[in-house]
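Q: Residue numbers (my numbering), protein chains in the order written: chain B, 50 to 425; chain H, 50 to 425.
1. Flag residue 247 (chain B) as yes if its beta-carbon sits less than 8 Å from any beta-carbon of chain H, otherwise no.
2. Name the two residues that bound the continuous beta strand (DSSP E) containing residue 305 (chain H).
3. Report the neighbours of residue 319 (chain H) on chain B: residues whose CB is nearer than 9 Å to its CB, in chain order.
4. Strictly under 8 Å for the Cβ-Cβ distance: is residue 312 (chain B) near chain H by that measure?
5. Residue 347 (chain H) versus chain B: which residues are under 9 Å apart at the beta carbon?
6. When the cut-off is 8 Å and only beta carbons count, does residue 356 (chain B) lie next to chain H?
7. For residue 419 (chain H), is the classification buried or exposed, using 16 other Cβ atoms within 10 angstroms of its Cβ as the cut-off for buried?
8. Report the rounded CA-to-CA distance for residue 55 (chain H) versus residue 273 (chain B), giving the unit in angstroms.
9. Just verifying my parser: in three-state terms, what is the DSSP assignment at residue 376 (chain H)?
10. Any beta-carbon of chain B closer than 8 Å to the one on residue 68 (chain H)?
11. If the criterion is Cβ atoms closer than 8 Å, does the pair residue 296 (chain B) and residue 259 (chain B) meet it?
12. What did DSSP end up calling residue 140 (chain H) once you bin it into helix, strand or coil?
13. Give the DSSP-derived three-state secondary structure of residue 118 (chain H) in the structure shown.
14. Using three-state DSSP, classify residue 52 (chain H) as helix, strand or coil.
15. Count Cβ pairs between the segment 195–206 of chain B and the segment 216–231 of chain B that sit closer than 8 Å; are there 3 or more?
16. Does the beta-carbon distance from residue 485 (chain B) to residue 153 (chain B) come in below 8 Å?
17. Tell me whether residue 173 (chain B) sits in a helix, a strand or coil according to DSSP, three-state version.
18. Please report the Cβ distance between residue 408 (chain B) and residue 389 (chain B), rounded to the nearest whole angstrom; I am assuming they are in contact, meaning their Cβ atoms lie under 8 Å.
19. Considering only residues of the segment 249–311 of chain B, which uninterrupted beta strand (DSSP E) runs meet the minimum length of 3 residues and lie entirely inside it, listed in chain order?
20. Who are the Cβ neighbours of residue 130 (chain H) in its own chain at under 7 Å, not counting the five residues just before and after it?
21. Measure the Cβ-Cβ separation of residue 303 (chain B) and residue 417 (chain B) and say whether it is below 8 Å.
22. Between the beta-carbon of residue 352 (chain H) and the beta-carbon of residue 99 (chain H), is there less than 8 Å?
23. Taking Cβ to Cβ, would you say residue 328 (chain H) is nearer than 8 Å to residue 298 (chain H)?
24. For residue 323 (chain H), does the three-state DSSP call read helix, strand or coil?
25. Between the segment 106–120 of chain H and the segment 235–249 of chain B, can you find at least three pairs of beta-carbon atoms closer than 8 Å?
26. Under the rule that 16 or more other beta-carbon atoms within 10 Å means buried, what is residue 209 (chain H), buried or exposed?
27. So residue 241 (chain B) and residue 114 (chain B) are supposed to be a Cβ contact under 8 Å. How far apart are they, rounded?
28. Exposed or buried, what is residue 279 (chain B) when buried is set at 16 or more other beta-carbons lying within 10 Å of its beta-carbon?
29. Less than 8 Å between the beta carbons of residue 6 (chain B) and residue 72 (chain H), yes or no?
30. On a CA-only basis, which of B:289, B:81, B:375 is nearest residue 399 (chain B)? Give me that one, please.
31. Strictly below 8 Å CB to CB, what residues from chain B border residue 146 (chain H)?
32. What is the rounded straight-line gap between the Cα of residue 394 (chain H) and the Cα of residue 233 (chain H)?
33. From the DSSP output, which residues share a beta bridge with residue 340 (chain B)?
34. Could you run through the segment 234–259 of chain H and flag, in chain order, every residue whose CB is less than 9 Å away from some CB of chain B?
35. If you draw a straight line from the C-alpha of residue 282 (chain H) to the C-alpha of residue 88 (chain H), how long is it?
36. Whose CA, out of H:160, H:413, H:360, H:387, lies closest to the CA of residue 148 (chain B)?
Rendered as structure tokens:
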């Protein structure tokens, strides 16, 4: 327990109550061979609203967290530009800034559920997502400063970590809404989120949001690097792979009740809540089912509806104490409806790791305990 | 410097980069006699966007931070109600919830500036304000559960800290938009912000947002307690005091450049940014002046405009290297215009501590250094 009795200067940078010590990011030990290339998960079942606190945003690294001194950090823009440029952090902060609330979801979120219910908790099935307000400079300002050549069609951001992460991004997206971000939820980016600079690619898979951003190359074709060929492609039933599946599909999950957050108060007034999002715009509606998808009721969306941001939904009901099969189904502003896992597998098979946006089912037992199940 | 090279589990609850160790809440040692009843200030000049990270929200305590076990905490509602009630934390979370982004400003913010420019930095002149997304239950749900009697007109929230903080709040406000909040920016309230429960009184002075909320009494008249008589009243020039000045007036401040954030890049492209807010609604516009109020230019508001929340504004300009007198002036949706300090003193005198929303002036020297000044 922290000592808070000595006045206001005990903690110049504040921390949560000791009673909340269980509210942390957690990993799945068997998931990866080496902690340097690993992942941990946002504790969605312990959170509310639509903002993820910076200390609880999930982490995914391909070669550990880079330690970067902002005073020595540089961003280069090269390739098909009139004038290759190198920016300091101070240079970047002299361009006009924008502030936007966006979700970031790893393409592999829910990836372990393709072959059936595996993990007992929304933190593990859906916790590779977070949502913060970014502050940054629209990438088009920097590209325009360098002067993009007429034959340019793609950009390739590169990270300063040991994996030198690279991805190909269409120039159109780069000029439209990508940000070169230096702050999240008001303060500097966290080290594990790319301090001091990352690219924000709204609505698109998290791997493209290159962290510790040190270079952007402009080109006329995609680079076909490792992370867009052997990884982050979707192996289909026929042995061929879908490529460039960048947009994150409409998705939702009930965070409470859930396996890590059972019903402990018995019968009566019960608050069901969860999160919904889409890489194609806003979430227009969320329906919830208490009986495994037979009957649906509209949920209440609260806390604002921002494009490509998490949406919070609630459904209040009187629980009679009998078993439930909880599901949520989101519909986005582009008309997409979140599919059942069965429908998804019928099209994509079970070989994939990425882009699983199927409807999640939680089984609530009479005692209030909750488990991850599948319904046919 | 923290060691981040060992993979993702080094910090289950993440912290800022060691390079950001200077971004902390700071106090003014001479301000109060005892740290148990003291204050520290949000580092506004180091932040961007409209959300304050939980670890950097300013603190103000009248008797230190209460250490409350949420499992043992109770909220009582008594007084002019049909059925006095006692709620556990779990009981409260069974009512419908709302999520709202609100600023909280101490009535004494900028209070040391009534008699002239005192403090060299917006952290100290304006840093008793923060803005987070609260999750809570509308207070009307709890009051309706208890059944408010027809002669009830006021409520009195009471804190569980050693000062047993109490304030009188009109029943109309309580039923309109007050929240009984348990989360901020997605996670549980921080200890210094009232963990596990506080009342949120949108747009009204921070002292009324009673922390460690343990009781709400319903009555037919205000209680005239200490914090609404000897404190939190505005002593006028004629020796009389204004009372019940709850709403926070329209206000703004330029956070960069400012004394703690001088211009270090020399002439040319310069980003001026700041914050604006009003307890009476949204901020409709912010104008900025580079010459001490002679000429005004419209600033660009970015990051969303939410009622009774901080608004972020920017003004990009080419600095020619000559001295500047920076000012910002906000106008709210209720038609109020932020006044000059001179105009404010003409009406209120200089005896007051509270509700100073006068226009702030920063003097930028030719070298880029910035100081707090007053212009006549």
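For every residue, glycine included, the Cβ atom is placed at its ideal position computed from N, Cα and C.
A: Let me lay it out:
1. Judged by the 8 Å Cβ criterion, residue 247 (chain B) is not in contact with chain H.
2. Taken as a continuous stretch (DSSP letters only), the beta strand (DSSP E) holding residue 305 (chain H) covers 300–305.
3. For a Cβ distance threshold of 9 Å, residue set 143 of chain B lies close to residue 319 (chain H), ordered along the chain.
4. Answer no: the Cβ-Cβ gap between residue 312 (chain B) and chain H never drops below 8 Å.
5. Taking the beta carbon of residue 347 (chain H) as reference, no residue of chain B falls within 9 Å; the closest one sits roughly 14 Å away.
6. Interface residue (Cβ-Cβ distance to chain H less than 8 Å): residue 356 (chain B) is not classified as such.
7. Buried.
8. Low per-residue confidence applies at residue 55 (chain H): pLDDT is 49, beneath 50, and the placement is therefore not dependable enough to give any value.
9. In the structure shown, residue 376 (chain H) sits in a strand (DSSP, three-state: E or B).
10. The C-beta of residue 68 (chain H) comes closer than 8 Å to at least one C-beta of chain B.
11. Here residue 296 (chain B) is not near residue 259 (chain B), since their CB atoms are 8 Å or more apart.
12. Secondary structure of residue 140 (chain H) (DSSP, three-state): helix.
13. Note: residue 118 (chain H) maps to coil in three-state DSSP.
14. Because the pLDDT of residue 52 (chain H) is 43, which lies under 50, any placement of that residue in the model is unreliable, and the number read from its coordinates should be weighed accordingly. Three-state result, residue 52 (chain H): coil.
15. Yes, they touch.
16. Outside the shown range of chain B (50 to 425) lies residue 485 (chain B), about which nothing can therefore be said.
17. The answer is helix: DSSP assigns residue 173 (chain B) an H, G or I state.
18. Rounded, the Cβ-Cβ distance is 5 Å, consistent with contact.
19. The segment 249–311 of chain B contains these whole beta strand (DSSP E) runs: 262–268, 300–305.
20. Spatial neighbours of residue 130 (chain H) in its own chain (CB-CB distance under 7 Å, excluding positions within 5 residues in sequence) are listed in chain order as 195, 196, 197, 198, 267.
21. Their beta carbons are not under 8 Å apart, which means residue 303 (chain B) does not touch residue 417 (chain B) by this criterion.
22. Yes.
23. Yes, these two residues count as a Cβ contact at 8 Å.
24. Secondary structure at residue 323 (chain H): strand, using DSSP grouped into helix, strand and coil.
25. Under the 8 Å Cβ criterion, the segment 235–249 of chain B does not count as touching the segment 106–120 of chain H, having fewer than three qualifying pairs.
26. Residue burial is scored here from C-beta neighbours: residue 209 (chain H) has at least 16 other C-beta atoms within 10 angstroms and is therefore classed as buried.
27. Between residue 114 (chain B) and residue 241 (chain B) the Cβ distance is about 5 Å, and since that is below 8 Å, they are a contact.
28. Result: exposed.
29. Because chain B in this structure spans residues 50 to 425, residue 6 (chain B) falls outside the shown range and cannot be described.
30. Among B:289, B:81, B:375, the Cα nearest to that of residue 399 (chain B) belongs to B:289.
31. Here the neighbours are 97, 320, 322, 351, 363.
32. Answer to the nearest angstrom: the Cα atoms are 36 Å apart.
33. Note: residue 340 (chain B) sits in a beta bridge opposite B:374.
34. Within the segment 234–259 of chain H, the residues whose Cβ lies closer than 9 Å to some Cβ of chain B are 234, 235, 236, 237, 238, 239, 240, 241, 242, 244, 245, listed in chain order.
35. The straight-line gap from Cα to Cα measures roughly 19 Å.
36. Closest by C-alpha distance to residue 148 (chain B), out of H:160, H:413, H:360, H:387, is H:360.
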